[in-house]
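In our numbering, the protein residues as written are 3 to 668. Here the structure is laid out as structure tokens; the discussion comes afterwards.
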């Protein structure tokens, strides 16, 4: 006699029989998590470290020996057709500076009338630099919002005043929750259309919300001890909503099918858990493995984003496998209730269904179908050959953002390089090197690609110095990357054995370092994720061919997705449709993170479908018939699940934040 599995047979039977106890226990656990979350949760931030990089070494040096320059900055740009030197303009600019100095966490404000190079050559544009006491992730949102508000209040028909810089982006972050709600509404309509019943629709939504909320509570607790990027919750929600609904949908559909075969509610719940629940468990495992693989990036913030999403996926799996049998105890008897006229769906599809006919058609014409699908995917993959990595900047924001308008004004008045200055610092270990370091501006001005150089500024004990270099090219241009590498090489040669160590950094150089590190780590990441997923599927299916086929198909699908991203965000194709304000490179961490998501989710459907085909084969022993019947009974649920994924991700595709938009479309 076959021994029953505890997780997939004995526990579901226990949960069904003691449903009230299980549900009350779930409520208690959620309540405890909610209380702990409310009292212990930390703040999300955007601190970013690249261990071992030169830009990180410079940041650490400035934080240690030059703390005034380690804080982030903002700026206010003033444009006056009458000229910045106009008496009335000078008065209004002076008043504005006085108001900015009163803002919390502001360290210093530089007047354009007292700073060299702060007024454009034509005299119509001026820049007011605002230095803060800390990095962006430590600046209060109210302080950033106050700077933006001051700029808006001071603007008039005679003066255009805009705020920009890293600090301002804190005030422009999209409030969380709006896109997630739209995604849930879309899922409701898709489920109603697919299954025609209000109860059948509500069950996956409720289960997904339970998993999502518990996952977010846990993520919030983790933020009390570690720092995660501000967009972590959106990334986790994007995945959590989709998989949470998918997993619950698969189990509830299998339950409905079992009930239609005259099984009791308890037996139907056990069958659903033993078949669909098992698939959910291993499918969720592949997603978790893929997300945790982001630690291979070597960048902790990216690793924690992946971990947060993995926590949410794990909790949705736990709710689906452990709690859903108890929910079915009460929802099961009425699961087909409150049907919508003209939308009522059959519990299962037989040989007349589109899935069965499609399976038979593909079996009769395998070469044509394989060649056709492969050709489409390969065409979509072609743009990947032009993939260019780099961080977006305010120049990629919509024109409705003050940071974008400030970016354009700076570019018009001072050249594109002013939006991406490069910081050169010196660690001075020998006092005799001070004079040589003091001449750095003269040396830097002779290097090709440099539009301007600021003065060398020493700290109090002259153990460190810093100088700002303005490139001729924009931050995202390839020429700027070449300049950063050239500066590092030339400065090493110039200051070799001088007693001073030159370091090239700043946000522009940091972006370059991140891109190069992630590109170098990508092969290891791919090997880890594919290898571990391959091993997991071998355990699930006891086959080598099935996991191999799954990995190959999913790699091709991921390549097509990357190609679409390049076409939209780099080339601008259909950019207007998705609100892409300006073409630019793809975020350096996107290929790695998107691969983790796409590979994991595509493996979901692979596990769902192949598991059902195997189930049919064990019942009939007919390979061709089991494939066709497996498609027949899973077409509706997999199509609905995929449609929900598309709908949820598309809502994120219309986010104002470029990185979230890229994730949604990808």
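No residue lacks a Cβ here, since even glycine has one placed at the ideal position from N, Cα and C.
Contacts around residue 17, its chain only, beta-carbon distance under 6 Å, and the 5 residues preceding and following it disregarded
Once the five neighbours on either side are set aside, the close Cβ partners of residue 17 are 24, 327 and 328.
Judging by CA-CA distance, which residue of 487, 292 and 625 is the nearest neighbour of residue 595?
Residue 595 has its Cα closest to that of 292, out of 487, 292 and 625.
Using a 10 Å radius around the Cβ and a threshold of 16 neighbouring Cβ atoms, would you call residue 477 buried or exposed?
Residue 477 counts as buried, since no fewer than 16 other beta carbons sit within 10 angstroms of its beta carbon.
Can you list, in chain order, the residues of its chain with a C-beta nearer than 8 Å to that of residue 342? Leave out the 5 residues immediately preceding and following it.
194, 198, 199 and 200.
Would you call the stretch 628 to 640 and the stretch 558 to 565 touching, i.e. three or more CB-CB distances under 8 Å?
Here the stretch 628 to 640 makes no contact with the stretch 558 to 565; the two share fewer than three CB pairs at distances below 8 Å.
Count the CB pairs spanning the stretch 161 to 175 and the stretch 405 to 424 that are closer than 8 Å, and state whether there are at least three.
Enough Cβ pairs lie closer than 8 Å, so yes.
How should residue 544 be labelled, buried or exposed, when 16 other C-beta atoms within 10 angstroms of its C-beta is the threshold for buried?
Exposed.
How many angstroms separate the CA atom of residue 46 from the CA atom of residue 273?
Rounded to the nearest angstrom, the gap between the Cα atoms of residue 46 and residue 273 is 42 Å.
Rounded straight-line distance, which links the Cα of residue 465 to that of residue 66
Residue 66 and residue 465: Cα-Cα distance of roughly 11 Å.
Assign residue 358 to one of three DSSP states: helix, strand, or coil.
Three-state DSSP puts residue 358 in a helix.
Between the beta-carbon of residue 426 and the beta-carbon of residue 459, is there less than 7 Å?
No, the Cβ-Cβ distance between residue 426 and residue 459 is not below 7 Å.
Euclidean distance between Cα positions of residue 606 and residue 281:
Separation of residue 606 and residue 281 (C-alpha to C-alpha, rounded to the nearest whole angstrom) is 8 Å.
Just the C-alpha distance for residue 397 and residue 189, rounded to the nearest angstrom, thanks.
Those two C-alpha atoms are separated by around 34 Å.
Report the CB separation of residue 472 from residue 423 in whole angstroms; it is logged as a contact under 8 Å.
Residue 423 and residue 472 do touch by the CB rule: their CB atoms are close to 5 Å apart, below 8 Å.
Would you say residue 612 and residue 548 are within 7 Å of each other, going by their C-beta atoms?
Contact: yes.
When we look at the beta-carbon of residue 515 and count the other beta-carbons within 10 Å, is it buried (16 or more) or exposed?
Residue 515 is buried by the Cβ-count criterion.
In terms of DSSP beta bridges, what is residue 198 paired with?
For residue 198, DSSP records no beta bridge to any residue.
May I have the straight-line CA-CA distance separating residue 349 from residue 331, to the nearest angstrom?
Annotation note: pLDDT 47 at residue 349 (below 50); position unreliable, coordinate value reported separately. The alpha-carbon atoms of residue 349 and residue 331 are separated by roughly 18 Å.
In the DSSP assignment, find the beta strand (DSSP E) that holds residue 375 and state where it starts and stops.
In the DSSP annotation of this structure, residue 375 is not part of any beta strand (DSSP E); the continuous alpha helix (DSSP H) holding it starts and ends at 368 to 383.
Would you check if the distance between the CB atom of residue 131 and the CB atom of residue 112 is smaller than 7 Å?
Taking 7 Å as the Cβ cut-off, residue 131 and residue 112 qualify as a contacting pair.
Rounded to whole angstroms, what is the Cα-Cα separation between residue 269 and residue 312?
In a straight line, the C-alpha of residue 269 is about 31 Å away from that of residue 312.
Helix, strand or coil at residue 133 [DSSP, three-state]
Strand at residue 133.
Mapping DSSP to helix, strand and coil, what is residue 565?
The answer is helix: DSSP assigns residue 565 an H, G or I state.
Is the closest heavy atom of the ligand COA to the C-beta of residue 390 under 6 Å?
The model depicted lacks the ligand COA and carries no ligand whatsoever.
C-alpha gap between residue 277 and residue 315, whole angstroms
Near 19 Å, if we compare the C-alpha coordinates of residue 315 and residue 277.
So, under 8 Å CB-CB, residue 243 and residue 214 are touching, yes? Tell me the CB distance rounded to an integer number of Å.
Correct: roughly 6 Å between the Cβ atoms.
Does the beta carbon of residue 616 sit closer than 7 Å to a beta carbon anywhere in chain D?
Among the protein chains of the structure shown there is no chain D, as only one such chain exists.
Rounded to whole angstroms, what's the CA-CA distance from residue 366 to residue 637? Just pull it up for me.
Note on geometry: alpha-carbon atoms of residue 366 and residue 637 lie some 19 Å from one another.
What are the boundary residues of the alpha helix (DSSP H) that includes residue 261?
Annotation for residue 261: the continuous alpha helix (DSSP H) segment containing it runs 234 to 262.
Nearest residue (CA-CA) to residue 153, options 101, 503 and 127:
The shortest C-alpha to C-alpha distance from residue 153 to any of 101, 503 and 127 is the one to 101.
Assuming residue 79 and residue 109 are in contact, meaning their beta carbons sit under 8 Å apart, how far apart are those beta carbons, in whole angstroms?
The Cβ separation is near 19 Å, so there is no contact.
Considering only residues of the same chain and omitting the five flanking positions on each side of residue 627, which have a CB-CB separation below 8 Å?
Short of 8 Å from the beta carbon of residue 627, and not among the five residues preceding or following it, lie these beta carbons of its own chain, in chain order: 618.
Measure the CB-CB distance between residue 660 and residue 394 and report whether it falls below 7 Å.
In this structure, residue 394 lies closer than 7 Å to residue 660 by Cβ.
Unbroken beta strand (DSSP E) run spanning residue 429, endpoints:
Per DSSP, residue 429 belongs to the beta strand (DSSP E) from 424 to 430.
Just confirm the distance between the C-beta atoms of residue 2 and residue 583, as a whole number of angstroms; I'd bet it's less than 8 Å.
With the chain running from 3 to 668 in the structure shown, residue 2 is simply not present.
Please report the straight-line C-alpha distance between residue 20 and residue 29, rounded to a whole angstrom.
So the alpha carbons of these two residues sit roughly 15 Å apart.
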